[in-house]
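Engineer:
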Amino acid sequence: MPPASLRAASLECENTPPNSLRDPPFSPILFAGFLARPLPLAPLNLLLSKAMRQMHARHTDVFERMQAVPNPAFLIVPTDLPFALVMRVNIDKPTLMAIRRTGGGPIAARLGTAATISGPFEVLLALLEGKIDGDALFFTRALSFSGDTEAVLALRNAVDGAEIDLARDAAHLLGPFARLAAPLGGFLNMLWRRSSADMAAVAASLTGGQQTRLRAQEDALEELTLKVRTLTKRSNRRQKQTQET
Amino acid sequence: MQSKGKNISLTMGPVLFNWSVEKWRDFYYRIADEAPVDHVVVGEIVCSKRTPFFMPAIGDVTERLKAAGKRVILASPILVMNKRERTGAQDLFDSGFTVEANDTTALQNMGGNAFTVGPFINIYNEASRAYFERLGAERIALPGELSLNSIEPITRGAKVPIEVFGFGRMPLAISARCYHARVKGLSKDSCRYVCANDPDGMDVGTLDGDDFLCINGVQTLSHTFHNVITDLEALAHARVSAIRLSPHDMDMVAVANIFRQTLDGELAPQAAAEKLERLADGFPMSNGFLHAVEGFKASPALAEFSLG
Amino acid sequence: MPTDTLELVCPAGTPAAFHAAVDAGADTVYCGLRDDTNARNFPGLNFSREELADAADYAHARGVKILLALNTYMRAGQPEAWHRAVDDAAQIGIDALIMADIGLLDYAATHAPQMRRHLSVQAAASTPEAVRWYAERFGIQRVVLPRVLTVPEIAQLITEIDIETEVFGFGGLCVMTEGRCSMSSYATGQSPNMNGVCSPASHVHYEERGSKLVSKLGEFTINSFKEGEKAGYPTMCKGRFEAHGKVSYLFEDPTSLNVVSVLPELIKAGVTALKLEGRQRGKAYTKKVVSAFRRALDTAATGAVPHMPDLSEVMEGGKATAGAYQKSWQ
Numbered sequence: 050m051p052p053a054s055l056r057a058a059s060l061e062c063e064n065t066p067p068n069s070l071r072d073p074p075f076s077p078i079l080f081a082g083f084l085a086r087p088l089p090l091a092p093l094n095l096l097l098s099k100a101m102r103q104m105h106a107r108h109t110d111v112f113e114r115m116q117a118v119p120n121p122a123f124l125i126v127p128t129d130l131p132f133a134l135v136m137r138v139n140i141d142k143p144t145l146m147a148i149r150r151t152g153g154g155p156i157a158a159r160l161g162t163a164a165t166i167s168g169p170f171e172v173l174l175a176l177l178e179g180k181i182d183g184d185a186l187f188f189t190r191a192l193s194f195s196g197d198t199e200a201v202l203a204l205r206n207a208v209d210g211a212e213i214d215l216a217r218d219a220a221h222l223l224g225p226f227a228r229l230a231a232p233l234g235g236f237l238n239m240l241w242r243r244s245s246a247d248m249a250a251v252a253a254s255l256t257g258g259q260q261t262r263l264r265a266q267e268d269a270l271e272e273l274t275l276k277v278r279t280l281t282k283r284s285n286r287r288q289k290q291t292q293e294t
Numbered sequence: 008m009q010s011k012g013k014n015i016s017l018t019m020g021p022v023l024f025n026w027s028v029e030k031w032r033d034f035y036y037r038i039a040d041e042a043p044v045d046h047v048v049v050g051e052i053v054c055s056k057r058t059p060f061f062m063p064a065i066g067d068v069t070e071r072l073k074a075a076g077k078r079v080i081l082a083s084p085i086l087v088m089n090k091r092e093r094t095g096a097q098d099l100f101d102s103g104f105t106v107e108a109n110d111t112t113a114l115q116n117m118g119g120n121a122f123t124v125g126p127f128i129n130i131y132n133e134a135s136r137a138y139f140e141r142l143g144a145e146r147i148a149l150p151g152e153l154s155l156n157s158i159e160p161i162t163r164g165a166k167v168p169i170e171v172f173g174f175g176r177m178p179l180a181i182s183a184r185c186y187h188a189r190v191k192g193l194s195k196d197s198c199r200y201v202c203a204n205d206p207d208g209m210d211v212g213t214l215d216g217d218d219f220l221c222i223n224g225v226q227t228l229s230h231t232f233h234n235v236i237t238d239l240e241a242l243a244h245a246r247v248s249a250i251r252l253s254p255h256d257m258d259m260v261a262v263a264n265i266f267r268q269t270l271d272g273e274l275a276p277q278a279a280a281e282k283l284e285r286l287a288d289g290f291p292m293s294n295g296f297l298h299a300v301e302g303f304k305a306s307p308a309l310a311e312f313s314l315g
Numbered sequence: 043m044p045t046d047t048l049e050l051v052c053p054a055g056t057p058a059a060f061h062a063a064v065d066a067g068a069d070t071v072y073c074g075l076r077d078d079t080n081a082r083n084f085p086g087l088n089f090s091r092e093e094l095a096d097a098a099d100y101a102h103a104r105g106v107k108i109l110l111a112l113n114t115y116m117r118a119g120q121p122e123a124w125h126r127a128v129d130d131a132a133q134i135g136i137d138a139l140i141m142a143d144i145g146l147l148d149y150a151a152t153h154a155p156q157m158r159r160h161l162s163v164q165a166a167a168s169t170p171e172a173v174r175w176y177a178e179r180f181g182i183q184r185v186v187l188p189r190v191l192t193v194p195e196i197a198q199l200i201t202e203i204d205i206e207t208e209v210f211g212f213g214g215l216c217v218m219t220e221g222r223c224s225m226s227s228y229a230t231g232q233s234p235n236m237n238g239v240c241s242p243a244s245h246v247h248y249e250e251r252g253s254k255l256v257s258k259l260g261e262f263t264i265n266s267f268k269e270g271e272k273a274g275y276p277t278m279c280k281g282r283f284e285a286h287g288k289v290s291y292l293f294e295d296p297t298s299l300n301v302v303s304v305l306p307e308l309i310k311a312g313v314t315a316l317k318l319e320g321r322q323r324g325k326a327y328t329k330k331v332v333s334a335f336r337r338a339l340d341t342a343a344t345g346a347v348p349h350m351p352d353l354s355e356v357m358e359g360g361k362a363t364a365g366a367y368q369k370s371w372q
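Residue numbers (the numbering used here), protein chains in the order written: chain A, 50 to 294; chain B, 8 to 315; chain C, 43 to 372.
#1: Within 10 angstroms of the Cβ of Gln-232 of chain C, are there 16 or more other Cβ atoms? Answer buried if so, exposed if not.
#2: Using a beta-carbon distance below 8 Å, is Glu-92 of chain C in contact with chain A?
#3: Which residues does DSSP pair with Asn-264 of chain B in a beta bridge?
#4: Would you grab the beta carbon distance between Ala-81 of chain C and Gln-164 of chain C for me? Rounded to a whole angstrom, and I think it's under 8 Å.
#5: Please specify which runs of the alpha helix (DSSP H), each continuous and at least 4 residues long, are wholly inside the segment 85 to 133 of chain A, giving them in chain order.
#6: Give the straight-line distance between the Cα atoms of Lys-107 of chain C and Arg-137 of chain A, rounded to the nearest whole angstrom.
#7: So Asn-206 of chain A contacts chain C; which residues on that side make the cut at Cβ distance below 9 Å?
#8: At the level of alpha carbons, what is the spacing between Phe-335 of chain C and Leu-48 of chain C?
#9: Can you tell me whether Leu-23 of chain B is helix, strand or coil according to DSSP?
#10: List, in chain order, every chain C residue whose beta-carbon is nearer than 8 Å to that of Leu-202 of chain A.
#11: For Gln-134 of chain A, does the count of other Cβ atoms within 10 angstroms reach 16, so buried, or fall short, so exposed?
#12: Taking only beta-carbon positions, decide if Asp-143 of chain C is within less than 8 Å of chain B.
#13: Would you decide whether Leu-353 of chain C is buried or exposed? Buried here means 16 or more other CB atoms lie within 10 Å of its CB.
#14: Quick one: measure Cβ to Cβ for Val-172 of chain A and Leu-192 of chain A, integer angstroms, because I've assumed they're closer than 8 Å.
#15: Output the distance between the C-alpha atoms of Ala-207 of chain A and Arg-91 of chain C, rounded to the nearest integer angstrom.
#16: Can you tell me where the alpha helix (DSSP H) with Leu-112 of chain C in it begins and where it stops?
#17: Shorter than 8 Å from the beta carbon of Trp-371 of chain C to some beta carbon of chain A?
#18: Per DSSP, what kind of secondary structure is Thr-231 of chain B in: helix, strand or coil?
#19: Please report the distance separating the alpha-carbon of Lys-90 of chain B from that of Pro-121 of chain A.
#20: Using 8 Å as the cut-off, can you tell me whether the segment 138 to 152 of chain C makes contact with the segment 120 to 136 of chain B, which would need three or more C-beta pairs spanning the two stretches below that distance?
#21: Expressed to the nearest angstrom, what Euclidean distance is found between the alpha-carbon atoms of Ala-64 of chain B and Glu-29 of chain B?
#22: For Asn-265 of chain C, count the other beta carbons within 10 Å of its own beta carbon; 16 or more makes it buried, fewer makes it exposed. Which is it?
#23: Does the beta-carbon of Arg-71 of chain A have 16 or more other beta-carbons within 10 angstroms, so that it is buried, or is it exposed?
#24: Check this for me: beta carbons of Ala-138 of chain C and Arg-117 of chain C, under 8 Å apart or not?
#25: Thinking C-alpha only, which one of C:His-61, C:Val-301 and C:Arg-251 is nearest Val-347 of chain C?
#26: Rounding to the nearest angstrom, what Cα-Cα distance links Leu-299 of chain C and Ile-196 of chain C in this structure?
#27: Among B:Asn-234, B:Asn-120 and B:Lys-56, which residue has its Cα nearest to the Cα of Gly-175 of chain B?
#28: Can you give me the C-alpha to C-alpha distance between Met-259 of chain B and Ala-42 of chain B, rounded to a whole angstrom?
#29: State yes or no: is the beta carbon of Val-118 of chain A nearer than 8 Å to at least one beta carbon in chain C?
#30: Select from C:Lys-329, C:Thr-207 and C:Leu-259 the residue whose C-alpha is nearest the C-alpha of Ala-315 of chain C.
#31: What does DSSP give as the partner residue(s) for Phe-174 of chain B in the beta ladder?
#32: Kindly list, in the order they appear in chain C, the residues whose Cβ is closer than 9 Å to that of Ala-241 of chain B.
#33: Please confirm if the segment 91 to 102 of chain B is in contact with the segment 115 to 129 of chain B, defined as three or more CB-CB distances below 8 Å between the two stretches.
#34: Glu-145 of chain B CB to nearest chain C CB: under 8 Å?
#35: So, at 6 Å on beta carbons, what are the nonlocal neighbours of Leu-114 of chain B in its own chain, with the 5 sequence-adjacent residues on each side left out?
#36: Could you compute how far the alpha carbon of Ile-125 of chain A sits from the alpha carbon of Leu-176 of chain A?
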């Protein structure tokens with residue numbers, strides 16, 4: 050069980066989803082996500098279950114490294130997709146399932162997950178393959194998480210410790226279709242890289258000003274709250290000391 | 008308090024803060040004349056730049072302490088880096104006093120001198136304790152972060168007296184960098200001795216306004232006063248031989264008397280805690296290190312008398 | 043004996059990072075077991091006995107050395123895990139042990155005398171006298187110098203000792219003297235010396251307040267980052283605090299150590315080995331940093347001034363300092 054303070058924090062995230070969750074990066078994946086919204090999740094879940102079983106078979110060490118974590122259950126939120134993933138990396142029976150994200154964000158408490166990890170889908174995939182350093186992503190704030198920090202760190206270390214190659218694993222998963230999928234993947238990748246830069250520019254021009262103003266207001270409020278709290282604490286302490294003497 | 012506490016002696020640790028030479032001298036004179044402590048550790052262990060100021064008084068202080076029947080121990084610096092500090096460690100041993108080594112530099116310089124192991128040499132287990140016994144250490148003071156769970160196996164079978172940190176802000180870290188200078192926008196080399204303005208160290212708070220730490224030049228200490236007054240029975244049971252009191256800008260003779268009376272069974276621990284609380288003038292008390300939890304926390308027995 | 047290069051000593055927290063380090067040009071890789079016998083006792087990290095043996099084979103087949111960090115202090119009354127680690131390392135064929143605890147050094151010198159012993163930075167041996175004390179008593183062959191000395195102080199020290207020196211070159215930067223810091227223990231009850239963790243993840247949590255990201259260690263707020271501001275590890279010595287009526291990075295900014303600017307001076311001073319920090323980092327970090335330093339050292343060996351690619355994205359706070367190696371840092 051995580052310490053009480055952490056459990057409290059993970060409940061808190063229900064009401065205040067992380068910034069990155071509120072503001073998906075304006076990317077081609079976001080558009081793909083809009084298109085995917087009406088599709089049923091059942092076929093996806095079938096594929097995800099199979100992927101998890103394969104992962105379990107090919108990368109047992111990941112699950113061994115996670116054994117020290119009492120509740121290795123995570124809510125993974127690709128901020129540019131309309132669904133989230135619930136991943137349980139128990140060594141006996143790991144599961145991976147997609148759930149639909151509704152307006153207020155998914156409910157981590159009801160799902161019983163230990164932590165929530167959010168970031169752009171592409172970043173999450175690169176992390177899975179160990180292509181980018183998780184700490185670096187966090188320093189630059191490309192990735193955010195809430196809940197049990199220890200569980201998140203363990204997952205990061207366990208996944209990074211495995212030599213995961215998504216192209217190879219996907220090829221294995223898709224079987225005979227893999228040969229068709231590989232060049233298609235390359236083409237999509239190139240297309241994505243080209244269009245994502247344009248989209249970021251459009252996004253900035255559309256929403257930049259408004260958001261900056263909103264954030265500035267939030268910050269001012271936050272600063273005031275802190276100031277009041279500090280002053281209250283100081284005056285309490287002074288009162289206490291006066292009573293003592 | 009059972010009679011076992013009678014066998015525990017008190018040690019006055021070295022002054023950690025930058026006091027004026029007059030204040031420093033008068034403090035030790037009063038300890039010599041009035042405090043029920045057996046050992047007195049003297050010397051600047053935090054910053055070698057401060058040493059020249061009280062060197063003129065050290066002869067008078069050690070004489071007065073000796074005349075009062077105290078065992079005087081000279082302490083070596085915690086962190087030794089430059090030439091001046093290295094030769095200083097050598098000078099200590101030429102003084103003829105027993106030296107408390109706080110760094111292995113001092114150990115290498117000691118030759119055949121009498122020495123004790125200070126709290127800044129890492130003795131975390133019985134194997135290290137035994138090694139220093141074989142080397143001829145006369146006493147061993149344990150690091151402040153050790154809990155009773157660690158202290159007990161270390162004292163088991165010990166041939167020399169084992170001492171634990173008992174009262175005062177707990178030293179937590181030492182650095183090459185001076186934080187007093189840094190906070191005032193000065194460099195260490197031209198620090199203007201700004202640490203002299205804070206006889207108990209400078210308070211450090213969090214962004215939320217919570218009290219947290221304390222800085223003393225290159226040293227960082229706890230905001231809370233580590234206080235084992237409600238743990239004396241457990242420490243006696245763990246065969247601890249001495250309790251170290253760390254000097255603060257308060258009535259340290261009264262502090263020593265309270266500890267002595269409690270050890271002798273003349274004062275109940277809870278009443279003693281209350282008295283110490285009043286002397287400490289608003290600083291919260293803690294003993295978390297001893298109980299293997301967060302160092303800033305206080306056990307229920309102690310918390311009852313702490314402002315927190 | 044001064045040479046024209048330095049042995050490149052690289053970190054590995056997992057077998058994948060170990061392979062990455064060897065393949066990227068490490069001369070030596072250091073790692074730890076999956077327990078509290080080492081100072082990166084983080085969840086999901088480190089090596090089982092089997093993984094360690096495989097790593098040793100991988101390294102030795104490529105002419106690379108493997109070191110085992112046993113750099114915590116043995117728990118009082120329970121030295122077994124540390125003793126077993128020494129015995130197993132000897133059997134696996136580890137090239138050297140990195141240790142700080144006097145009781146453990148004594149054990150290794152007695153029970154595995156044939157193994158090389160390196161004095162860990164956690165022992166904080168900062169003077170020739172301190173180094174000689176350990177060398178004479180425990181047959182230490184190399185000392186990892188604490189991050190408190192300037193380059194001229196290191197050069198001076200090397201002329202006064204007979205054993206090899208290793209200095210930190212890149213990565214996490216302890217602001218306090220290593221092995222003598224109880225700050226984490228004060229806030230969390232978990233100590234680097236005893237539990238092998240500083241600011242353990244189990245006590246770290248993050249709160250979003252407005253657009254700010256607030257990091258907390260146990261009950262204490264350590265930092266608050268504005269939107270777009272680079273974040274750092276929630277270690278106490280790199281937090282923002284209030285002192286003397288002023289909020290500042292009192293101890294140190296979130297920053298990483300990078301010695302590339304003083305690399306030629308370190309070589310000239312006669313340093314034997316350059317250590318990169320980061321067993322807790324991912325294999326992408328290992329690959330990137332090890333390759334960069336391999337190239338920098340190879341360039342320095344030709345007498346040219348080494349050029350360093352931009353490593354800012356893997357650095358804490360996105361920036362670097364030469365730390366205590368430069369006098370102005372103090």
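Beta carbons: idealized from backbone N, C-alpha and C, even for Gly. Predicted model only: the values in this text are computed from it and were never measured.
Structural biologist: Reading from the atomic positions:
#1: buried
#2: No, Glu-92 of chain C lies away from the interface with chain A (no Cβ there is under 8 Å from its Cβ).
#3: None, per the DSSP bridge assignment.
#4: That pair is a contact at about 6 Å.
#5: 91 to 107 and 109 to 114
#6: 38 Å
#7: Gly-55, Thr-56, Phe-84, Pro-85, Gly-86, Leu-87, Asn-88, Gln-322 and Gly-324
#8: 10 Å
#9: coil
#10: Phe-84, Pro-85, Gly-86 and Ala-243
#11: The sequence shown places Leu at residue 134 of chain A, rather than the Gln named in the question. Per the 10 Å Cβ criterion, buried.
#12: yes
#13: Buried: at least 16 other Cβ atoms inside 10 Å.
#14: 6 Å
#15: 17 Å
#16: No alpha helix (DSSP H) holds Leu-112 of chain C; the beta strand (DSSP E) holding it covers 107 to 112.
#17: no
#18: strand
#19: 54 Å
#20: yes
#21: Roughly 9 Å between the two C-alpha positions.
#22: By the neighbour-count definition (other C-beta atoms within 10 Å, threshold 16), Asn-265 of chain C is a buried residue.
#23: Note that Arg-71 of chain A scores 47 on pLDDT, short of 50, meaning its location in the model is unreliable; the coordinates nonetheless yield the value given after this. Result: exposed.
#24: no
#25: C:Val-301
#26: 17 Å
#27: Nearest option by C-alpha distance: B:Asn-234.
#28: 8 Å
#29: yes
#30: With respect to the C-alpha of Ala-315 of chain C, the residue from C:Lys-329, C:Thr-207 and C:Leu-259 having the closest C-alpha is C:Thr-207.
#31: B:Asn-234 and B:Leu-252
#32: In chain order: nothing, as chain C lies at least about 16 Å away.
#33: yes
#34: no
#35: Ala-108
#36: 12 Å
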